[in-house]
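**Q**
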Amino acid sequence: MPASLPNQSASFPIMLLSTLMLVLVSSSSMATSEGSFDREFEITWGQDGRARILNKGNLLNLSLDQASGSSIQSKNEYLFGRFDMQLKLVPENSAGTVTSFYLSSQGSAHDEIDFEFLGNLSGDPYVVHTNVFTRGGGGREQQFYLWFDPTADFHTYSIIWTPNRIILSVDGTTIREFKNLESIGVPYASKKPMRVYASIWNAEYWATRGGLVRTDWAQAPFTASYRKFNARACIWASGKSSCSPTSTSTSSLSRIDVRDYIVEESIKWVQKHYMIYNYCTDAKKYPRGIPAECFVSGSTKHNLGSI
């Protein structure tokens, strides 16, 4: 754990790890993709060696230098599912870099669900930047520190996307939830298929302390590693989902094998000890009023004190 973080007990995520199993109910029509980056992804940026698939397709290294970054995208498009990826982030001085794992649809009015990891100076903690875009609009940022050093080893980051809600988790601990509240006019990512993306890129003008700390290119190349991609999801192809509307998989997608109160308690724990920014409490950003989903989901009622 970085020295600048409080010495908070990790007993909550460890105690609930066996219970907080954010897995979709299995179904014969739900596809499972596992492992090979060669088979599941294509390199879209950094084909000159900055993106490297190693170990018989089981390991992906994405690198950034002053000339270019690198990225991949999944060959499949999906409409709902669970997506897991293990990452080991850029060590030491990573200021100005952003490493990502996210889902996104295409077009200007796109949907997107983000994990972005904002680098920092040696010894300072990474910032986990999360966001949800719907119909091209974002602005739903929540940021966290982690209760471990994400550069020392691989950790599992999960995106669970169902017709009812989006959940982001780290090593099985829920850090945020975004519910489907279309019934009260809040847009939700429910109709557009998305691909899985991973990338590393230069964001020195905003990523680290709002751009106050720039990238030290003498430290380049900056390399992040990915492994053990797993998707249990509905593949979208030729305008159709692999999960039939009449099959049990469609109803199972709306259920997650975890009690709601455990998700709520996990979020409270993470927000109390590790949250550093929440759009739901940013009155300056929303002078005309905090977005409606903040009140319905209960995001504003948690203890949101900064670390």
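Per mature numbering (1 follows the signal peptide of the UniProt record, and there is no 0), the sequence shown runs over residues -31 to -1, 1 to 276. Ideal Cβ positions, reconstructed from N, Cα and C, are used throughout, including at glycine. What you are looking at is a predicted structure, and each value in this text was computed from that prediction instead of being measured.
(1) Can you look up Ile41 in the DSSP assignment and give me helix, strand or coil?
(2) Could you compute how far the alpha carbon of Ala206 sits from the alpha carbon of Lys44?
(3) What are the partner residues of Gly50, as DSSP defines its beta bridges?
(4) Out of curiosity, what's the CA-to-CA distance linking Thr143 and Leu150?
(5) Would you report the Cα separation of Pro162 and Ala64, rounded to the nearest angstrom?
(6) What do you get for Ala78, buried or exposed, if any count of 16 or more other CB atoms within 10 angstroms of its CB means buried?
(7) Do Tyr157 and Ser73 have their C-beta atoms within less than 7 Å of each other?
(8) Which partner residues does Gln112 have in the DSSP bridge list?
(9) Evaluate contact between the stretch 46 to 61 and the stretch 173 to 183, counting only Cβ atoms and requiring at least three cross-stretch pairs below 8 Å.
(10) Helix or strand or just coil, what does DSSP make of Phe123?
(11) Nearest to Arg196 by CA position, among Arg257, Asp118, Gln35, Ser127, is which residue?
(12) Please classify Ser39: is it buried, with 16 or more other beta-carbons within 10 angstroms of its beta-carbon, or exposed?
(13) Give the DSSP-derived three-state secondary structure of Phe264 in the structure shown.
(14) Run through the DSSP bridge pairs and tell me what Arg21 is partnered with.
(15) In three-state DSSP terms, what is Phe6?
(16) Do the stretch 19 to 39 and the stretch 86 to 102 meet, that is, are 3 or more Cβ pairs less than 8 Å apart?
(17) On the CB-based measure, 16 or more other CB atoms within 10 Å of its CB, does Ser138 come out buried or exposed?
(18) To which residues does DSSP link Gly88 through a beta bridge?
(19) Under the three-state reduction of DSSP, which class applies to Arg164: helix, strand or coil?
(20) Mark Leu33 as exposed unless 16 or more other C-beta atoms lie within 10 angstroms of its C-beta, in which case mark it buried.
(21) In whole angstroms, what is the alpha-carbon distance linking residue 278 and Thr1?
(22) Does the beta-carbon of Val265 have 16 or more other beta-carbons within 10 angstroms, so that it is buried, or is it exposed?
(23) Any idea what DSSP makes of Ile259, helix, strand or coil?
(24) Rounded to the nearest angstrom, what separates Gly4 and Lys253 at their Cα positions?
**A** In short:
(1) strand
(2) 11 Å
(3) Bridge partners of Gly50: Trp130, Ala202.
(4) 19 Å
(5) 33 Å
(6) exposed
(7) no
(8) His98, Tyr246
(9) no
(10) coil
(11) Ser127
(12) buried
(13) In the structure shown, Phe264 sits in a helix (DSSP, three-state: H, G or I).
(14) Asn30
(15) It is helical.
(16) With the cut-off at 8 Å, the stretch 19 to 39 and the stretch 86 to 102 do not touch.
(17) buried
(18) For Gly88, which the question treats as bridged, DSSP gives no partner whatsoever.
(19) strand
(20) Classification for Leu33: buried.
(21) Outside the displayed range of the chain (-31 to 276) lies residue 278, so it cannot be described from this structure.
(22) exposed
(23) If DSSP states are grouped into helix, strand and coil, Ile259 belongs with coil.
(24) 44 Å
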